[in-house]
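Since the structure comes first, as structure tokens, the remarks are kept for the end.
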Amino acid sequence: MLETGLPLIGNLHLMNILLYPFVVISGILFLYHTIQQRSRRFTLGNMIPGPPGLPLLGNALDLCTAKSAEETMKKALEMAGPYIHFGIGRIWVGPRLVVACIKPDDVEAILGSSVHIDKPIEYGFFKRWFGNGLLISTDAQEVDRPNISPPRLEVVLHVLKSFITQLNTHSNILVERLNKQVGGKSFDVHDYVAESTVDILLDPEFLGSIHVTSRILSEAGLNSASRGQYELFE
78 MLETGLPLIG NLHLMNILLY PFVVISGILF LYHTIQQRSR RFTLGNMIPG
128 PPGLPLLGNA LDLCTAKSAE ETMKKALEMA GPYIHFGIGR IWVGPRLVVA
178 CIKPDDVEAI LGSSVHIDKP IEYGFFKRWF GNGLLISTDA QEVDRPNISP
228 PRLEVVLHVL KSFITQLNTH SNILVERLNK QVGGKSFDVH DYVAESTVDI
278 LLDPEFLGSI HVTSRILSEA GLNSASRGQY ELFE
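Anchor point for the sequence shown: position 73 equals 150 in the numbering used here, and the numbering is continuous, going up by one each time.
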């Protein structure tokens, strides 16, 4: 009887070893889900129209089945279809809330705010190219930088607008080069974007605009490192 009981005790001990971590992990997930359900962000997020999601995962499983970025976008549009007439929609990708605004008034309210204009984490993918510039920096980082007075800023914007034709020309060339790669093997888009950026910066008409812009920014009191980025192309 003793010999027949030893394997049973061993099996029970093994089951306990496997069961305890499962119970602990399940308890932690349940506690996290409960706290998440009662959080202010989750409560307000669910007030925005959007498809129902699974606990903890949200709508992540629906998007994970896509095999490419194009399929992911198609699935996201299919999920948002029934809610387009609201002008705003949301999905949950795990604990992350993703909100899409369609109405221009809603977008203007966000872009015009100094509190809610903070960039999402997706902008971090561009840090390699742009650093902590105006495009991807947070509002807190911009507070420490010298401000350009409105008259000088208007001159800078006027200079940039005057170059829009050349910018469109180089952008169309980039699009044509990328279209030739569609349907082929995967490739590094960074090389194409980098070459197009150099072509834009070295355009003769843009070099003249850079000279004027550099002088205006210099008068605005920017540090020598910031001015050096412009003086490089003068």
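We put the CB at the ideal spot given by N, CA and C, even for glycine.
- Under the 10 Å beta carbon count, Asp139 is surrounded by 16 or more other beta carbons and is classified as buried.
- Here Ile94 is exposed. Its C-beta has fewer than 16 other C-beta atoms within 10 Å.
- Apart from the 5 residues on each side of it in sequence, Gly122 sits with its Cβ closer than 7 angstroms to the Cβ of Arg167, Leu174 in its chain, given in chain order.
- Between the alpha carbons of Val275 and Lys257 lies a distance of about 20 angstroms.
- In terms of Cβ geometry, Cys178 and Ile161 do not form a close pair [threshold 8 angstroms].
- Proximity to Gln243 across Pro128, Lys180, Asp280 peaks at Asp280, based on C-alpha coordinates.
- Taking the CA atoms as reference points, Ser248 sits about 29 angstroms from Asp183.
- With 16 or more other CB atoms across the displayed protein chains lying within 10 angstroms of its CB, Ala157 is buried.
- For Gly164, no beta strand (DSSP E) encloses it, and the DSSP letter there is neither H nor E.
- Around the beta carbon of Gly130, 16 or more other beta carbons lie within 10 angstroms, which makes this residue buried.
- In this structure, the CA atom of Ser103 is about 10 angstroms from the CA atom of Tyr97.
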